[in-house]
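Quick note, the sequences are listed as chains A and B, same order.
The opening position of the first sequence corresponds to residue 205 in the numbering used here, with each subsequent residue numbered one higher.
The opening position of the second sequence corresponds to residue 205 in the numbering used here, with each subsequent residue numbered one higher.
There are 2 protein chains.
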Amino acid sequence: MRVQVVEKILNANDQVAGLNRVKLDEKRIFSINLMASPGSGKTSLILQTIQGLNTRMQIGVIEGDTAPVTIDADKILAAGMPAVQVNTGGECHLDAVMIDRALNALPLVNLDLVIVENVGNLICPAAFNLGTHANVLIASVPEGDDKPYKYPNIYRGLDVLIINKIDLLPYVSFNMEYFQQGVELLNPGLVTFPVSCKTGEGIEKWIDWLQLRVNQQKAG
Amino acid sequence: MRVQVVEKILNANDQVAGLNRVKLDEKRIFSINLMASPGSGKTSLILQTIQGLNTRMQIGVIEGDTAPVTIDADKILAAGMPAVQVNTGGECHLDAVMIDRALNALPLVNLDLVIVENVGNLICPAAFNLGTHANVLIASVPEGDDKPYKYPNIYRGLDVLIINKIDLLPYVSFNMEYFQQGVELLNPGLVTFPVSCKTGEGIEKWIDWLQLRVNQQKAG
Numbered sequence: 205m206r207v208q209v210v211e212k213i214l215n216a217n218d219q220v221a222g223l224n225r226v227k228l229d230e231k232r233i234f235s236i237n238l239m240a241s242p243g244s245g246k247t248s249l250i251l252q253t254i255q256g257l258n259t260r261m262q263i264g265v266i267e268g269d270t271a272p273v274t275i276d277a278d279k280i281l282a283a284g285m286p287a288v289q290v291n292t293g294g295e296c297h298l299d300a301v302m303i304d305r306a307l308n309a310l311p312l313v314n315l316d317l318v319i320v321e322n323v324g325n326l327i328c329p330a331a332f333n334l335g336t337h338a339n340v341l342i343a344s345v346p347e348g349d350d351k352p353y354k355y356p357n358i359y360r361g362l363d364v365l366i367i368n369k370i371d372l373l374p375y376v377s378f379n380m381e382y383f384q385q386g387v388e389l390l391n392p393g394l395v396t397f398p399v400s401c402k403t404g405e406g407i408e409k410w411i412d413w414l415q416l417r418v419n420q421q422k423a424g
Numbered sequence: 205m206r207v208q209v210v211e212k213i214l215n216a217n218d219q220v221a222g223l224n225r226v227k228l229d230e231k232r233i234f235s236i237n238l239m240a241s242p243g244s245g246k247t248s249l250i251l252q253t254i255q256g257l258n259t260r261m262q263i264g265v266i267e268g269d270t271a272p273v274t275i276d277a278d279k280i281l282a283a284g285m286p287a288v289q290v291n292t293g294g295e296c297h298l299d300a301v302m303i304d305r306a307l308n309a310l311p312l313v314n315l316d317l318v319i320v321e322n323v324g325n326l327i328c329p330a331a332f333n334l335g336t337h338a339n340v341l342i343a344s345v346p347e348g349d350d351k352p353y354k355y356p357n358i359y360r361g362l363d364v365l366i367i368n369k370i371d372l373l374p375y376v377s378f379n380m381e382y383f384q385q386g387v388e389l390l391n392p393g394l395v396t397f398p399v400s401c402k403t404g405e406g407i408e409k410w411i412d413w414l415q416l417r418v419n420q421q422k423a424g
């Protein structure tokens with residue numbers, strides 16, 4: 205009985221996620237679901253991406269927060285891109301219905317790319333399809349090298365992995381080989397970009413990947 | 205209808221939490237619920253605590269993980285203390301029933317202190333009373349100074365805040381005043397210990413606090 209209810213909720217979410225995907229595809233907008241622990245650098249990566257693209261494309265950002273704070277959304281607006289803040293009201297993840305409403309609040313007709321910044325959490329977001337085209341996770345060097353082993357579900361569903369804060373590698377204990385072995389077991393051949401949002405190192409390759417996918421979506 | 209079901213679940217949890225508390229009080233064991241983001245240093249703090257106490261007390265550790273991995277529990281056992289691993293099966297927090305079962309698996313009669321290491325998450329654990337005596341959160345310097353503003357619920361329910369990885373302060377942008385202002389708004393006068401689990405700085409004051417509370421619980 206209880207399992208059946210959960211199944212119905214997931215199906216409803218998947219149905220709305222499908223509609224979100226149709227809406228984005230019709231407008232030839234590429235979209236990513238950006239996930240990470242709290243403080244791994246999700247907003248910093250978006251800001252570096254906006255800066256690195258240097259007006260080559262228009263990006264709409266959906267900011268998920270568990271509380272009614274606009275700290276991150278304000279930073280995106282200050283960087284010159286449209287942003288919508290979604291307050292989950294304490295929920296530990298975004299869902300497809302929230303994204304549907306947020307997409308309606310963005311000027312989609314002008315956009316090339318939509319970035320959804322999910323709630324800072326390595327568990328709940330993994331279970332909810334939003335309708336976006338690619339799942340991207342930021343792993344942060346100071347979080348430690350054992351995260352793939354401890355949070356396997358989120359790694360299994362990824363299209364891209366970003367390893368952020370590589371500028372801190374000299375100051376923390378992080379065995380890159382052990383980390384990447386864990387990732388490889390869960391998601392063989394996963395596209396991975398080591399970066400530092402602080403120094404800008406590695407950001408260019410991430411932007412190249414993004415530009416390629418945006419161009420492919422434009423070409424249809 | 206749906207709200208009523210949620211209320212019943214919470215009440216059941218609180219009821220079991222109450223029984224956990226009685227069990228711990230009867231054996232005069234002090235207990236803490238240790239919460240944090242993934243990779244903030246929960247296990248490192250426990251290991252530093254075991255080392256710093258230098259056999260002055262016996263500590264039982266309950267390790268919460270979303271996957272069947274014993275990485276953390278193995279470290280505790282290697283440090284000479286009993287540990288139980290609880291696999292939440294994908295759930296984003298521990299609950300009182302899991303703690304009840306874990307307490308039954310620990311040699312309580314020999315213990316002075318039980319430390320529960322919750323799942324790495326700043327949202328879900330805040331909503332579930334485990335029956336422990338004190339809620340302790342580790343905030344990690346590289347996570348950034350805006351976390352109290354973004355995850356207010358977990359800060360509101362705290363008895364102690366530990367600010368870990370202060371050795372990284374020279375290498376990251378972290379405004380301690382802004383951080384502590386946010387905390388003060390949510391939880392005025394909160395007992396706070398800045399520490400580095402890497403260098404051992406500040407650990408002594410945390411251990412003094414812990415020793416005092418363990419002694420008070422022994423005295424009844």
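Think of the CB as a built atom: it goes at the ideal place given N, C-alpha and C, for glycine as much as any other residue.
All figures in this text were calculated on a predicted structure; none of them were measured in a lab.
DSSP-derived helix/strand/coil call for residue i
| i | result |
| --- | --- |
| residue 321/A | strand |
| residue 238/B | strand |
| residue 229/B | helix |
| residue 326/B | coil |
| residue 341/B | strand |
| residue 273/B | coil |
| residue 287/A | strand |
| residue 216/A | helix |
| residue 293/A | coil |
| residue 279/B | helix |
| residue 205/A | Residue placement at residue 205/A is poorly supported in this model, since its pLDDT is 49, which falls under 50; the coordinates are not used for a value here. |
| residue 352/A | helix |
| residue 298/A | coil |
| residue 405/A | coil |
| residue 257/B | helix |
| residue 376/B | coil |
| residue 386/A | helix |
Residues bridged to residue i [DSSP beta-bridge criterion]
| i | result |
| --- | --- |
| residue 397/B | 366/B |
| residue 264/B | 318/B |
| residue 303/A | In the DSSP output, where bridge partners are listed per residue, residue 303/A has none listed. |
| residue 308/B | Note: residue 308/B sits in no beta bridge, so no partner. |
Nearest-angstrom Cα separation, counted from residue j out to residue i
| i | j | result |
| --- | --- | --- |
| residue 380/B | residue 349/B | 7 Å |
| residue 400/A | residue 346/B | 13 Å |
| residue 215/B | residue 231/A | 47 Å |
| residue 274/B | residue 352/A | 13 Å |
| residue 225/A | residue 361/B | 39 Å |
| residue 397/A | residue 382/A | 16 Å |
| residue 363/B | residue 332/B | 15 Å |
| residue 340/B | residue 403/A | 34 Å |
| residue 184/A | residue 420/B | There is simply no residue 184/A to check, as chain A begins at 205 and stops at 424 in what is shown. |
| residue 307/B | residue 244/B | 25 Å |
| residue 386/B | residue 372/B | 21 Å |
| residue 301/A | residue 334/A | 8 Å |
| residue 416/A | residue 220/B | 54 Å |
| residue 298/B | residue 236/A | 30 Å |
| residue 222/A | residue 229/A | 11 Å |
| residue 388/A | residue 375/B | 30 Å |
| residue 276/A | residue 260/B | 46 Å |
| residue 248/B | residue 313/A | 49 Å |
| residue 250/A | residue 365/A | 14 Å |
| residue 258/A | residue 283/A | 11 Å |
| residue 369/A | residue 369/B | 15 Å |
| residue 239/B | residue 246/B | 7 Å |
| residue 256/A | residue 322/A | 22 Å |
| residue 390/B | residue 330/B | 14 Å |
Same chain only: Cβ atoms within 8 Å of residue i, ignoring 5 sequence neighbours per side
| i | result |
| --- | --- |
| residue 309/A | 288 |
| residue 253/B | 263, 319, 407, 410, 411 and 414 |
| residue 285/B | 254, 262, 263, 264 and 265 |
| residue 384/B | 396 |
| residue 418/B | 234, 261, 316 and 317 |
Proximal residues to residue i (C-beta, below 7 Å), its chain only, five neighbours per side dropped
| i | result |
| --- | --- |
| residue 294/B | 270 |
| residue 291/A | 269, 271 and 272 |
| residue 378/A | 345, 348 and 349 |
| residue 303/B | 224, 266, 320, 334 and 335 |
Cβ neighbours of residue i in the same chain (closer than 6 Å, five flanking residues each side left out)
| i | result |
| --- | --- |
| residue 326/A | 241, 355 and 358 |
| residue 233/B | 315 and 318 |
| residue 337/A | 234 and 235 |
| residue 367/A | 343 and 398 |
Just by C-beta distance, which residues in the stretch 336 to 348 of chain B are closer than 8 Å to chain A? 344, 346, 347 and 348
Members of the stretch 272 to 295 of chain B that neighbour chain A once the beta carbon cut-off is set at 7 Å: 273, 275 and 294
Relative to chain A, which residues along the stretch 229 to 255 of chain B have a C-beta separation below 7 Å, given in chain order? 241, 242 and 243
Please list the residues of the stretch 392 to 409 of chain A that have a C-beta atom closer than 9 Å to any C-beta atom in chain B, keeping them in chain order. 402
Near-chain A residues of the stretch 316 to 329 of chain B (beta-carbon distance less than 9 Å), N- to C-terminal order: For the stretch 316 to 329 of chain B, the set of residues with a beta-carbon nearer than 9 Å to any beta-carbon of chain A comprises 323, 324, 325, 326, 327 and 328, in chain order.
Check distances from the C-beta atoms of the stretch 353 to 365 of chain A to those of chain B and list, in chain order, the residues that come in under 7 Å. 353, 354, 355, 356 and 357
Using Cβ-Cβ distances below 7 Å, what residues of the stretch 366 to 395 of chain A are close to chain B? 369, 372 and 375
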